[in-house]
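Each remark here refers to the structure printed beneath this line.
In UniProt numbering, the protein residues as written are 1 to 1002.
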């Protein structure tokens, strides 16, 4: 157990006073400062002012002008005349930093202080370095380097020593953006920048100075490494500070040799690492790494840096003597410095650290609470700032908690031993592989690839451990929350206060519930509830973005991503976006590039699916699996209460919610000051209402069936239009706040009402947990190598008969994109009529077997009708319950059969026996040129004659049978390419911000 005294000792450093009693202090007059200058006219004046303010000053300050072509030399001469500099010496443009320093040294200097022309020292920098040298007896001391100070920003750290990875990557001891609070302590380091480096003269001469093989970059790291290997002591001394502009790396300095600074830096790093390897394979590994880095820079939209990487790798190979010379500088048996090098897993750990920091920063932003402006903000210094209050339950955190708890409680109704599906949500695949199989398998008898939303669903199931059923449950529970957070992000971007943003976001989430998007399984509507605010947020970023160059493409790529997701859920959204894009370009021609990115990338992603849209244009108006929906035509008045889907919630909840929302929107619209704003609100509500009402009456043909247009997209647009004037109430600050409080209070109440209904009733709509209606032995046959189908027939009211065809994959994700019977609809419909009336024909079982049907499930039929079916040969009857009968087709039907003349043999175990003669293998499937059949991995040729889907089985061929539609790998590869292009555009541009930061400097 730690005592109180020990705890006090841990924190005693806070009260410690600096020890001014330095043993054997070093005389500043023993120091020679050498500053190398080249084309520094834009910042050399600041540097000279810093040198003039030094206290103490070194014995001599010598400036070496390496052939400046600007006014640097005249400024230096003026400084020499004013006594700031002791001498100005001519250098050579071809010299490196080390050569210039060596040129002016006499060889007897006790201490040497190296300065860049862009490294302004603090007034006490030299004194602190000398104090550190006396206390540590170090040979090399690297000071603290600060970034140029920006207005209204605290000073941030640039470097306090550095090391290097085995691949040449620079590793600093400070994190990017760290604020200088004096928190760092002196420690041993491999090396660092030569800016401000204080080195003992004897050590300089013993080591031979800086390596000319590294003329501009990494020379300080190499010198420190060499000093360690020679037994010297190298340390940092953060008490000494310099402000380092890094003009060479940021491209501010113009040079005569014209070499890219990144190329020089990378080449120096490669030479340094290679000189400590000694094996040819190390050179090869470094070249491979450089090519990979070049690829990464291309993805980061920086071809300049990619070219620099490749040129550096080529020069490394072309100039092996430079590496040998560096290696020869190591004296004697070098001391092991591996403890100062990052281990091989540092890049991985660093990536996770950055990810964790990003998440933590997001959480801090998430829990930030505004506060009023304090007197300190108005009268204090630039960094006083107002108090930032972080509460456990900010409005958005409270909203998140309520939606998470509400969803968890409502999910109780999804528990059970069956599958969760219903409405427009079909059963999920059995696993990750099955999900991708459905995504990659094209729709039979339709050119092109399958619906893109299947690939998105398969990918997302990866985040639920590859179990699509868990993804379904997570989506049903979390979609209201995700929709709310998406809306909240948009509102905060609009500078809406946290309280108002949380309330409006809660109303948006409540609308997704009462519209029935969740409880009715409206997959498209659930996606759009998240996409609409996110897309609006991305467009707002584009409008307000002031970036230049390739960095300007990031925001359009983000908008393209959300449009891609939205188009996969509702293809009509792309058409609406394209129309809006044309209008935007007409009004703002400079937005052409952004609009092209936003519109063309989603179109390119959808391109493999276009043949389906061409064949069935009505699919543009629907959502995923349009044929999964039972016929539901909302009543005229029900549309105004948001009853577009059978949500399972009481109608009174919808009436109250939309009545309050409508009244609040009407009041807020009346308070708008500009007639144009009121007109926009009316159009935003009226146009979707009219279009939605008209489309709700349509039945559109979709791939062999009829479907209803997706109404949830229009309904969400109406809700967004109603919320817009409510959000705008905040802008009219001269009005009293009472009206806003009343409106927001009413909206809070109806949002809580919707959440309460969901919590109490749970999933009371079509979506529920239900077991299969088929007996287990029937499901086993469907899942067996026979892969048979089941004909399900139900007698409904008024003598009508409903029927469906099911198998191991349907109903399921994607099966609602096409009529389950496909091109066999007429044949199956005729079979259904045979079961529904009169005596069944004698060949009924044979006709079922040819269609690959092994069982017929019948419910709601009279005893007389069932008896008539029983008269047919080849069918056996098995009661499933009091109202259901299952007929089994004898003879082990299979979807694959082998025909030899008049003999037909079903393949029941997935194995084909070899025979002496050629045979015909037939599939009970619709005709499609993409069918593939393999026996022991050997692909069979399509038969020229015979059944629609037949293959020639050569004599002597036998083994394991596999068959299916050829996966759309080409389409998938294209979509991956489009996504990679989108990611590359959305990724930060390498080096995109470094040269732009100077405008904010003090």
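Using N, Cα and C, we set each Cβ at its ideal position, and we do this for glycine too.
- For the set 680, 157, 208, the Cα lying nearest the Cα of residue 245 is the one of 157.
- Excluding the 5 residues flanking it on each side, residue 792 has same chain C-beta neighbours closer than 7 Å at 803, 804, 806, 857, in chain order.
- In this structure residue 859 is in contact with residue 794, their Cβ atoms being roughly 5 Å apart against a cut-off of 8 Å.
- Buried is the label assigned to residue 894, since at least 16 other Cβ atoms lie within 10 Å of its Cβ.
- Distance from the Cα of residue 620 is smallest, within the candidate group 559, 24, 695, for 695.
- A residue is called buried once 16 or more other Cβ atoms fall within 10 Å of its Cβ, and residue 861 is buried on that count.
- DSSP links residue 702 through a beta bridge to 705.
- In this structure, the straight-line span from the alpha carbon of residue 623 to that of residue 295 is close to 38 Å.
- Of the residues assessed, residue 92 falls on the exposed side of the cut-off, its CB having fewer than 16 other CB atoms within 10 angstroms.
- Around the beta-carbon of residue 57, 16 or more other beta-carbon atoms lie within 10 Å, marking it buried.
- Taking 4 residues as the minimum length, the alpha helix (DSSP H) runs contained wholly in the region 203–275 are 219–229, 261–275, in order along the chain.
- Each residue's CA atom was taken as its position, placing residue 934 and residue 601 some 37 Å apart.
- For residue 747 and residue 661, the gap between their C-alpha atoms comes out near 7 Å.
- 611 is the residue among 130, 611, 674, 745 whose C-alpha sits nearest the C-alpha of residue 451.
- Residue 917 sits exposed, since fewer than 16 C-beta atoms from the chains shown fall within 10 Å of its C-beta.
- Under the three-pair Cβ rule at 8 Å, the region 428–436 counts as touching the region 809–825.
- Rounded to whole angstroms, the separation of the alpha carbons of residue 786 and residue 780 is 10 Å.
- The alpha-carbon of residue 659 is positioned some 11 Å away from that of residue 722.
- Cβ-Cβ distances below 6 Å link residue 40 to 72, 117 in the same chain, with the five nearest sequence neighbours on each side left out; the list follows chain order.
- Looking at 680, 36, 133, 498, the one whose alpha-carbon comes closest to that of residue 23 is 133.
- Taking the Cα positions, residue 545 is about 7 Å away from residue 552.
- Counting only unbroken stretches of 4 or more residues, the alpha helix (DSSP H) elements lying wholly within the UniProt domain "Glycosyltransferase 2-like" (34–152) are 44–52, 72–81, 97–104, 125–136, in sequence order.
- Shown here for residue 85: same chain residues with a beta carbon closer than 6 Å to its own, the five before and five after excluded, namely 61, 63, 79 in chain order.
- Counting along the chain, the unbroken beta strand (DSSP E) around residue 802 starts and ends at 801–806.
- In the three-state reduction of the DSSP assignment, residue 496 falls in the coil class.
- Buried is the label assigned to residue 219, since at least 16 other Cβ atoms lie within 10 Å of its Cβ.
- A straight-line Cα-Cα distance of about 15 Å links residue 113 and residue 37.
- Contact check for residue 87 and residue 66: beta-carbon distance about 15 Å, past the 8 Å limit, so the pair fails to qualify.
- If you draw a 10 Å sphere on the C-beta of residue 222, you find 16 or more other C-beta atoms in it, and that means buried.
- The continuous beta strand (DSSP E) containing residue 934 extends over residues 931–935.
- Below 8 Å, too few C-beta pairs join the region 144–153 and the region 261–272 to call them touching: fewer than three.
- Under the three-pair Cβ rule at 8 Å, the region 750–770 counts as touching the region 506–521.
- Counted as a single uninterrupted DSSP element, the stretch harbouring residue 622 is not any alpha helix (DSSP H), since DSSP gives it neither H nor E.
- Here residue 920 really is in contact with residue 899; their C-beta atoms are around 4 Å apart, less than 8 Å.
- If you keep only unbroken alpha helix (DSSP H) runs of at least 4 residues inside the region 537–587, you get 554–569, 572–587.
- When beta bridges are read from the DSSP output, residue 881 appears opposite 884.
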